[in-house]
Amino acid sequence: MKNPLPKRIWLWFAQTRVGRSVFRVGLPQSNLERSQAMVSSFLLHVQPAKVSRHALRASYTLGLGLISLYLFLILTVTGVLLMFYYVPSTEQAYDRMKDLQYVVSAGLVVRNMHRWAAHLMVLSVLLHMCRVFYTGAYKQPREFNWVLGVGLFLTTLGLSFTGYLLPWDQLAFWAITVGTSIAGYAPLIGPKVKYLLLGGNVVGQEALTRFYALHVIVLPAIAGLMVAVHLWRVRKDGGLSRPDGPEDSVQSIALGQLPTNKSYGLMELARGTTPQVGLDPDDEVFTWPHLIFRELLLFLLVVAVVLFLAVFWNAPLEEIANVVHPPNPAKAPWYFLGLQELVSYSAFWGGVVVPALLVTALVLLPYMDRRVQGVGRWFARERTVANTIFSVCLAVAIVLTIVGTAFRGPNWSWVVPWRAPPAITEGP
Amino acid sequence: MNGSTPDNGISRRGFFQLTFGWLAASFATVATVVATVRFLEPNVVFEPGQRFKAGKPDDYPDGSITFLEAERVFLVRRGNSFRCVSAVCTHLGCTVNRAGRGYHCPCHGSAFNEEGAVESGPAPRALAWFLVTLSKDNRLLIDKGQSVSPEKYLIV
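Below, the structure is given as structure tokens:
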């Protein structure tokens, strides 16, 4: 069968002198070249030449980690584009948002993409954490990668929160006023943290400058670094978690016991948790093309979903920030509404103690739960207790978020969403 | 016993190297952190002043409660007495509205009575009352930097 034209062009280019200098291996034709394609490429060598079949099962990972990474990339690209027009000044920021909406070509779509990708990323990171929990994938030797994951979750929230102020509209101003006041309730360091965050006592130009710096460089740099280590650890901790992983089935061989009738390469002396150790070759497939193809397909899917949302729904932009008139009700972004609901009972307990306890519990979890059974399967029976506790916490968080989102009206009073009065901005 | 290397395996030179090495490293770390935090802490903030003039006493009719929008305070006149209460909710910093005889916060539903005391909701403290004085040119002078008890009036 004749190859289609693009493939023929590619095959011709890959075997030219220039093509070989760039790609080294052309389009792989043999298993050897499939391995070489992975190992000799800077961008691809993050992944092993072969992966376990289990790692390819979409029903196991749901692709959530990768989706989060893709959203992060989309956010970086659209974010840099927005930076070309945005000015972090209380005088100009809001006008620049209007310009992006009505003057800049495709500005509306780029801003919409940035906003929806940000919401989706919070969601996908959260779901990724749930997936890792319910499959017991945080257990030894992946404890530290779970901790990094918790860090990435918090960084994601931080990125979203700092980005929230930048449009300098009513939503932005009051959400940040409320959010930074919560920080002020922390014992001892609270007022200082608030002062440092805002660069003063009120949300103003200093706060905008600081949030901008945090949003466009500090937090993305931290997130990027942590993503790199997170991915590297996935590989070094033995690939994706799977049932009966190598750590269960492999006996480590002491150096002196090596048979003498066989020559060994260095890979045979690798640590017990490397992906290749103790794996049945039949259980593995070549990363190129099996994993690469699925990854590219998922990327296409994520971009398509974000574009679809961005084309059909506009990111909200309320009136310009007004120091005097909080909107009624003043609401934080949806993922903080559970927190805001708690804060409406007590700022100290709801805003400081409960979140601090939750984060501490998440960080300590892999070190407290040391049983190694039930890894690599969804809702393993051996993990009923852990899964139940996690599910209850999750359910409470979801209920609080739904209550804060839909059941709270003006003056934070109880409303039923299907009979909700419109939000009012009452004069004093 | 060898004089330079006692039983515990640390030589005199090794001890000093360890001690001063760790001291220097700790000092450098702490100094860097402290200097960075100090750098980020503004020494001068370009915010509106805490003291402001609120016009002549007669601008406010008897029995009125006037919201001074730019300053986020209510000026309360009763007879010849003047008081000034903060409109910033003590819970999370939203601006409270008048509601009945008291005040109400739209963000999380805290309610305050006429005297600024918490009646319901999550607010931890009463609304602050500020010092009201009369300037030399016969204007009301309010200092948001000085909290006073609700019983303190300016009598004109």
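Residue numbers (our numbering), protein chains in the order written: chain D, 19 to 446; chain W, 24 to 179.
Glycine included, every Cβ here is placed at the ideal spot set by N, Cα and C.
(request) Reducing DSSP to helix, strand and coil, say where PHE229 of chain D ends up. (result) helix
(request) Can you tell me which of the three DSSP states TYR176 of chain W falls into? (result) coil
(request) Return the chain-ordered list of same chain residues with a C-beta closer than 6 Å to the C-beta of GLN169 of chain W, the five sequence neighbours on each side being excluded. (result) LEU154
(request) Might you give, ordered along the chain, the residues of its own chain that have their beta carbon closer than 8 Å to the beta carbon of TRP430 of chain D, omitting 5 neighbours on each side? (result) PRO347, SER362
(request) Look at the Cβ atom of VAL108 of chain W, then the Cβ atom of TRP152 of chain W, and state whether they are nearer than 8 Å. (result) yes
(message) Nearest by alpha-carbon distance to ALA398 of chain D: which of D:CYS411, D:ARG260, D:MET386 is it?
(response) D:ARG260
(request) Hey, could you find the ends of the beta strand (DSSP E) THR89 of chain W is sitting in? (result) 88-91
(request) Closer than 6 Å by C-beta to ARG253 of chain D: which residues in its own chain qualify, once you throw out the five before and the five after it? Chain order, please. (result) none
(message) Quick check on ALA288 of chain D: buried or exposed, where buried means 16 or more other Cβ atoms within 10 Å of its Cβ?
(response) At ALA288 of chain D the pLDDT is 48, less than 50, meaning the model places this residue with poor confidence; the figure from the coordinates comes in the next sentence. So ALA288 of chain D counts as exposed.
(message) For chain D, check one thing: does any of its Cβ atoms lie closer than 8 Å to the Cβ of CYS117 of chain W?
(response) yes
(request) Report yes if the C-beta distance between MET131 of chain D and THR96 of chain D is below 8 Å; otherwise report no. (result) yes
(message) For ILE165 of chain W and GLY78 of chain W, I'd like the C-alpha separation in whole angstroms.
(response) 10 Å
(message) For chain D, check one thing: does any of its Cβ atoms lie closer than 8 Å to the Cβ of LEU63 of chain W?
(response) yes
(message) For a quick check, are the C-beta atoms of LEU316 of chain D and GLY81 of chain D less than 8 Å apart?
(response) yes
(message) Suppose the cutoff is 6 Å on Cβ atoms and the five residues either side in sequence are ignored; what does the same chain contact list for PRO84 of chain W look like?
(response) none
(message) Any heavy atom of the ligand MN closer than 7 Å to the beta-carbon of ALA58 of chain W?
(response) Only the bare structure without any ligand can be found here, which leaves the ligand MN out of the picture.
(request) Report yes or no: is there a C-beta of chain W within less than 8 Å of the C-beta of PRO344 of chain D? (result) yes
(message) By DSSP's criteria, PHE60 of chain D is part of a beta bridge. Which residues make up the other side?
(response) In the DSSP output, where bridge partners are listed per residue, PHE60 of chain D has none listed.
(request) With a 10 Å radius around its C-beta and 16 neighbouring C-beta atoms as the bar for buried, classify ARG401 of chain D as buried or exposed. (result) buried
(message) For VAL43 of chain D and PHE90 of chain D, I'd like the C-alpha separation in whole angstroms.
(response) 30 Å
(message) So, with DSSP's three-state summary, where would you put PRO264 of chain D?
(response) Low local confidence applies: a pLDDT of 48 at PRO264 of chain D is under 50, so the model's placement there is unreliable, with the coordinate-based value given in what follows. Helix, per DSSP.
(message) Between ARG312 of chain D and LEU74 of chain D, how many whole angstroms is the CB-CB distance? I'm expecting something under 8 Å.
(response) 6 Å
(request) Identify every residue that forms a DSSP beta bridge with CYS107 of chain W. (result) W:LEU98, W:PHE153
(message) With H, G and I counted as helix, E and B as strand and the rest as coil, what does DSSP make of GLY222 of chain D?
(response) coil
(request) Take the Cβ of CYS411 of chain D as the centre, count every other Cβ of all protein chains shown within 10 Å, and call the residue buried at 16 or more, exposed below. (result) exposed
(message) Quick check on this structure: which residue in D:PHE179, D:LEU214, D:ALA201, D:LEU258 has the alpha carbon closest to the alpha carbon of GLU161 of chain D?
(response) D:LEU258
(message) As a quick exercise: from D:ARG129, D:LEU183, D:THR378, pick the residue whose alpha carbon is nearest that of TRP331 of chain D.
(response) D:ARG129
(request) Give the straight-line distance between the Cα atoms of VAL268 of chain D and THR173 of chain D, rounded to the nearest whole angstrom. (result) Only weak support is given to the placement of VAL268 of chain D: the predicted model assigns it a pLDDT of 46, under 50, and the question is left unresolved by the model.
(request) May I ask which residues mark the beginning and end of the alpha helix (DSSP H) holding LYS167 of chain W? (result) From DSSP, LYS167 of chain W is part of no alpha helix (DSSP H) but of the beta strand (DSSP E) over 163-171.
(request) Label HIS63 of chain D either buried or exposed according to how many other C-beta atoms from any shown protein chain fall within 10 Å of its C-beta, with 16 as the threshold for buried. (result) exposed
(message) With a threshold of 6 Å on Cβ separation, who are the neighbours of LEU189 of chain D within its own chain once the five nearest residues in sequence on each side are excluded?
(response) GLU336
(request) Answer yes if the segment 216-226 of chain D comes into contact with the segment 383-396 of chain D, meaning at least three C-beta pairs across the two stretches below 8 Å, and no otherwise. (result) no
(request) Would you tell me roughly how many angstroms separate the C-alpha atoms of GLU265 of chain D and GLY154 of chain D, rounded to the nearest one? (result) Here GLU265 of chain D scores only 46 on pLDDT, less than 50, and its place in the model is too uncertain to base an answer on.
(request) Please confirm whether THR198 of chain D and LYS212 of chain D have their CB atoms less than 8 Å apart. (result) yes
(message) Would TYR120 of chain D pass as an interface residue toward chain W - the criterion being a Cβ-Cβ separation below 8 Å?
(response) no
(request) Could you list which residues in chain W have their beta carbon closer than 7 Å to that of GLY422 of chain D, in chain order? (result) In chain order: nothing, as chain W lies at least about 11 Å away.
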